[in-house]
Structure formats: structure tokens, C-alpha cells
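Written below as C-alpha cells is the structure these notes are about.
Set out below in C-alpha cells:
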């Protein structure tokens, strides 16, 4: 007799003898009758063990406990009137058990599988138990659908799936590499790939004009809710294309994936330049589910009598003074809260936070005395203030102001609870700077293989790249660029990054050599699959959507990795562990 999934059993089976298998979700002894809820991956079926029907099955049921693995055979019948469970697909039927087999017993659970508040470390230590929950199963069922839909969508667009190496050469790509020592070549190392970037460009040189891969990537970086040491990305590259071609493919892919998973989203997404995103929202990944845009008021503050503000305003290229209007904020926030907001932004380097309140008789606040009536009205008009509104001001170095005012915008939206739930708001952020300068050192903002729009410049930070990020609900879902396909331009970019010819040849020689052999124009994008599933399922962390994740300290509590290895293994790899000097 075939063993059925619990979800397969319904009213059509009434009167039939069937067999089901699964785990015990709960057991209830009603003084003679024993009821067992048996659960598998999809559903729960109620088993009834009655000594009047089968003494042996009832005796076995007396020993059953939660999470035991059972195989039950019996006759299906309709539940009594008023006893149906409308929450279950199987809620109109139950099984009268004729035969009950305990396939395996279970120790008491180390935590309640249905308790969302259980310490995460305990859940990760017993991750295989948490995977038994319906919530976990639904997440991975959706992840599977998304992965299949990805392959189907790209196959329809004539993309070829190609696997690239997992152990490769260490190359500087922003984060630290995970290194793999070589036994055969003592003292030398492979690296786990941070992305398949170089290999997918080589595939374009090789004439594979449309490539994709659901690729494993590895980065040894500080972790947070949307980062893991190993993660999965949907990697796509294409030849003879421009930015619009790439965006069209990405939107088609995302639309198909969401549709396959039961979500209705637009087939084209809004766009915004990097400059607009930073100036208006203080972030290159703004959450567009709500407004709260910043307004530039540096020209008005230049005329005020406050020396701090006016001196900042005299350098509008380097500095910013941004206003953030909160509709009805004066009615929502107490004076104590208003002052407390200053403590919040100070955590991110702000020296202070000014504010006004729009009252019936005009704009009021500690800063009002520094402005003329004309400039007060200019602030009201610029910020479009109405009675009851509050407006906050951040001033200083532009990057610092962007950062703390962008964070403040999100903070206000969260405490005001104005962020819509169950909404997907996509945004393309375009025209990123090619470079950023930190401590006098020039770095590629994305990666050094991104094509610049032009290399005619006065300020290196003003060079724009043909790069684009796709943002979903304030999270960077992925991004890409048109790549450099000419060896001369790539060499020039390395030069600007301070990478001399010898270093470039040592680290990227294989790519530079390939570009000399008729490399086609090409570009692509990558989407974080884990982040995508996290957002689709409303999960709070990508750890929830990875089957066996690591902690924020990059540890696997289940397997206790990383762990020491024996001396013989180290000897084979020509390695020796240096003893740490104890600190006083």
C-alpha cells in the first residue's frame, strides 16, 4: 500500500484504508481515546486510536510522544459535526488507526519549535530541528520555486548556464578572501571566489555571449543581518549590449521570479541617479515605500546670523545643510523626543541637529532667532511646511550629513510606523561614481572592471561609471555594470587606482591578456538570491533563508566550524600555527 502525504488525504478517501507517515505534532489522551496530530512537510492529519477499534494500536499510542516518527494505517472517516478544523486542508477527515508503527523515537525537544522568541544560538545549534517547522519549510519551498523560475526565465532568453571555479586565484575585490592552502604547491594559496566576476568576463571573451550561474560566493567580512560568509547570487553576463539591454533582462527575470512565487509586481522599475539618491535620501539604496525626502537649504542658511551654520554654508561643494520635513511631526513628537533625536544622530558623527516646529503663528524653534522673517518664510516655502509639521536640519561635511540624515530618515519612519507592509518597491540607482577617495587613497566604488562614462575630469570623484544597482525596499538586491573590454582603458583604470603595471600583471594578468584577443563589449548584473528570498518571505535575516547558516561571528554552531585541525594536516600543507602571545 502506498504511503500518502498527509496533505493528500481528503473527503474522497472516506471509507478507504490508507497509510500516512510523519512526525507527531501533538498527542492528546482523552481517557480512552488518544488523538495524535501527525505532520509532514505540507499538512497535519488527525489520528484516532480507540481501544474498541484496535487494542494493539491504542497500546502503542500510549507510548507516543511529540516528534516521534510514526507510520499509521487506518480507515478514513468524516469528523463529527462541529469537530471540523477549517484551518487545515485535512480538517474534515480523520483516521481511525488499525496499525501504528513507531519508526523512531525522539528525545524531548531542546526548544519549542513554535516559539519565535527562542534564542537564535539554540536554534542554529539544532538547525535541523528548526527546519521541521512549517515556517522554515515554506521559506525553502519558495526558494526552490524562485531558483527554478530563474533558470526557466534565463533559458527562455537564450542564456547558457556555466559553472566557474570555486578555488581560484586571490584577487583584490573589496572584501578579504577566504584562502585555501595548497598541499601540492607548498606555501601557495588558492582563494574562494568573492564573485565569478573575472571568469564571466573571460566567458564573454570566449564567445559565450549569454551566461548565467546560480553561484556560491565567499567574503571574509564583518557580518550583519543581510550578510553571510558564503552566499548565493544569480550571476548574469551578456555581450554586445548596453545598459538598457542589461536592465531589460534583469527586470524580465525579477518579474518572472516574483510571478512564479505568487507575487504581482511591475514589469519595469523606477530609476534614480546616485546623486539624487544621496542628496534626497542620504543613501544609495533608499527605501521608496515612504517619502520623507531631504531638501537642500544651504543657500538660506548662508544668510543666517549663526556663525556655525553660515561658515558651513560658505563651502557648498564640500558641505551640505539638509532639511527633513516630518508631516504632523510637531503633533506626534514631544519636546523631549525632539531633543532626544539629537542624541541619535550624534552616534553617527553628527555635531548636532536643529529643528523647527510649524505653529499656527509661524515657524518656531531654537534657531528662529538667527533668521530674518524673509528667510523664515523661505524655509517654509522650500520645505512646503504646514501647521503641525516639524522640520529637522543636519549640517556639515556632505558625506557625513548624507549618512546620519539618511539613517535618521529611516529611524523616524520606523518609530512613526509609516513603512507599508507586504509591499515591494523596486528602484534602479544609476550613474554611480567610478571612484571614492578614503584617507587619500583612490578606490573603485564597485570594482575596477567597471567602465567609466568618460575619463575627462577635474576631480577624480566626479567620474561617473556605467553602473547600476537594483534596490528593493531599502535593501541592495544586486547590481552590475557595463565592463571595460579594452586593455588600454583597463590599464588606465589600474593606474588611477595606484596599481602599477607589474602589480596589475601579477594580479590580473590573465584578464589583461584576454582583453587583447578581441574582447567584445559586455556587461551584466548579479542578484543576491538570499536577500531576495529574505525580502519575499518577510524574514528579518538571511540566516532564516539559508539552510545551514553561520552566526554573526562566522561560526557554524551545528558542526562547530571553524575548528582546529591536527598537526599532520598542517604539515601536509606546509603550515604552522603561530602561538598567540598572552596579553597582560
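Residue numbers (the numbering used here): 41 to 624. Every residue, glycine too, gets a C-beta built ideally from N, C-alpha and C.
- If you look at residue 359, you'll find it in the beta strand (DSSP E) that goes 359–366.
- Within the same chain, Cβ atoms closer than 6 Å to the Cβ of residue 106 are found at 64, the five residues on either side in sequence being excluded.
- Here residue 273 is buried. Its C-beta has 16 or more other C-beta atoms within 10 Å.
- Excluding sequence positions up to five before and after residue 297, its CB lies within less than 8 Å of the CB of 186, 189, 190, 193 and 572, all in the same chain and listed in chain order.
- Under the three-state reduction of DSSP, residue 257 is assigned to strand.
- Taking the Cα of residue 72 as reference, the smallest distance to any Cα among 101, 59 and 85 is reached at 101.
- Apart from sequence neighbours up to five positions away, the residues of its chain that approach residue 91 with a beta-carbon distance below 6 Å are 98, ordered along the chain.
- Beyond the five residues adjoining it in sequence on each side, residue 268 comes within less than 8 Å, by CB distance, of 570, 582, 583, 586, 589 and 590 in the same chain, given in chain order.
- By the C-beta criterion, the stretch 110–117 is judged to be in contact with the stretch 128–145, since at least 3 inter-stretch pairs fall below 8 Å.
- Contact check for residue 204 against residue 265 fails: the beta carbons are separated by 8 Å or more.
- Secondary structure of residue 486 (DSSP, three-state): coil.
- Contiguous beta strand (DSSP E) elements confined to the stretch 371–403 occur at 394–399, taking only those with 3 or more residues.
- Contact between residue 420 and residue 403 holds: CB atoms are separated by about 6 Å, below the 8 Å threshold.
- In this structure, DSSP gives residue 464 a state outside helix and strand, which the three-state scheme calls coil.
- Just measuring C-alpha positions, the residue of 381, 83 and 146 sitting nearest residue 127 is 83.
- Proximity of the stretch 436–455 to the stretch 284–298 falls short of the contact definition, fewer than three beta-carbon pairs being nearer than 8 Å.
- For the pair residue 155 and residue 172, the Cα-to-Cα distance works out to about 13 Å.
- For residue 125, the secondary structure class from DSSP, reduced to helix, strand or coil, is coil.
- When secondary structure is reduced to three states using DSSP, residue 225 falls in the coil class, being assigned neither helix nor strand.
- For residue 139, the uninterrupted beta strand (DSSP E) run begins and ends at 133–144, by DSSP.
- Here the alpha carbon of residue 311 sits roughly 14 Å from the alpha carbon of residue 323.
- Counting only runs of 3 or more residues that sit fully inside the stretch 177–221, the beta strand (DSSP E) segments are 218–221, in chain order.
- Note on geometry: alpha-carbon atoms of residue 411 and residue 507 lie some 42 Å from one another.
- Note on residue 144: under 16 other CB atoms within 10 angstroms of its CB, so exposed under the neighbour-count rule.
- Shown here, residue 534 sits in a helix according to DSSP, grouped into three states.
- Taken in chain order, the complete beta strand (DSSP E) segments of 3 or more residues contained in the stretch 309–344 are 310–313 and 334–336.
- Residue 67 carries a strand assignment under DSSP once its states are collapsed to helix, strand and coil.
- The beta carbons of residue 473 and residue 503 sit closer together than 8 Å.
- Boundaries of the alpha helix (DSSP H) around residue 446: 438–456.
- Nearest C-alpha to residue 468 among 334, 512 and 80: 512.
- If you compare the alpha carbons of 68, 42, 66 and 51 with that of residue 59, the shortest gap goes to 42.
- For residue 168, the enclosing alpha helix (DSSP H) begins and ends at 167–170.
- In this structure, residue 252 sits away from residue 217, with a CB-CB distance that is not shorter than 8 Å.
- In this structure, the beta-carbon distance from residue 519 to residue 565 falls below 8 Å.
- For residue 543, there is no enclosing beta strand (DSSP E); the residue is part of the alpha helix (DSSP H) that begins and ends at 541–555.
- A distance below 8 Å separates the beta carbons of residue 488 and residue 534.
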